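Structure first, then comments.
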Amino acid sequence: TPTHGPGTVTSTSTMTATMTNTQTVTNTFTSTATPSLPTPVLTKSPFTTNLPPNGLAYDGSTTIYAAEGTVGTTGGKIEKFDANGNSLGTMTTYDGTHSFSQPNGVAYYSGHIYVVDQMSNTVYEIDPATNSLTNSVSTWTATGGGPASFAGPEGIAVDTNGRVYIADTGHDYVEVFSSSLAIISGGEFGGLGSGNGKFNNPSAVAVTIGSGPTTQIYVADASNQRVEQFDGTFSYGSQFPTGSGSDVYG
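Residue numbering for the sequence shown follows the numbering used here, beginning at 55 and increasing consecutively.
Given below as structure tokens:
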């Protein structure tokens, strides 16, 4: 019968044998041993204490990208890791001199990463092989013809067609761009509210594999405490959970 105590394992077994002339002999054996446990390997985290990781992306092959930055703090960066968590370096600047303010989300598509810099209200498309800037967007012409810009964007996702979805948290919209960060026609949905298809501080967005209307878009509607689902035409489909709860963040 095995028993367990702190740091030890005790095992007791009993053997009974019946001898001739109706004699019974019982022997009990008890052994106590301390198990050998592997020594944990502790390595220093590359993340800075006041700059926690916020967003993650995977290139589908070799590299994981982590956006590191927090509200009210400048000097954010993108950490790179292999699939086993080994550091592959840190991206603190792009184009050699330009720094991130507060990178909050990151996504990968076709050899490039897309970084949402919440403090500077800008989305960057960067070639991670050279850390060079390919495109960026902070303002654009809205569907109605007027100027538009971000207000504290947080989440980002890219679908298989290269459409880039940005959770524009302060404006309570999801903005949709091409892979070159040009706003697409009708590429805005949501708006402040609590009804179906509306948002209150959307914080994250995710998309399924698909194309056109078959793409499913999921938005973390933080202050409405739910996740909403839309199709590839930006039409509302459903939401979950249906009860009350805590704020939902990506």
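The beta carbon of each residue, even a glycine, is placed where N, CA and C say it ideally should be.
Note that this is a predicted model, so its numbers are computed, not measured.
- Here DSSP, grouped into helix, strand and coil, assigns P267 to helix.
- Shortest Cα-Cα distance from S190 to any of P267, G114, H152 and V261 involves H152.
- Between the C-alpha atoms of E242 and D275 there is a straight-line separation of about 15 Å.
- Here DSSP, grouped into helix, strand and coil, assigns G240 to strand.
- Approximately 15 Å separates the beta-carbon atoms of I167 and Y219; this is outside 8 Å, ruling out the contact.
- Counted as a single uninterrupted DSSP element, the stretch harbouring Q172 is not any beta strand (DSSP E), since DSSP gives it neither H nor E.
- Listed as beta-bridge partners of A161 by DSSP are Y168.
- Per DSSP, reduced to three states, the secondary structure at G143 is strand.
- When the beta-carbon positions are compared, P207 and T223 come within less than 8 Å of each other.
- Annotated as proximal: A111 and V160, with beta-carbon spacing under 8 Å.
- Distance from the CA of Y290 to the CA of N250, rounded to the nearest whole angstrom, comes to 7 Å.
- Taking a C-beta distance under 8 Å as the contact criterion, D113 and Y178 do not qualify as a contact pair.
- Under the Cβ criterion (8 Å, minimum of three pairs), the region 127-140 does not count as touching the region 227-239.
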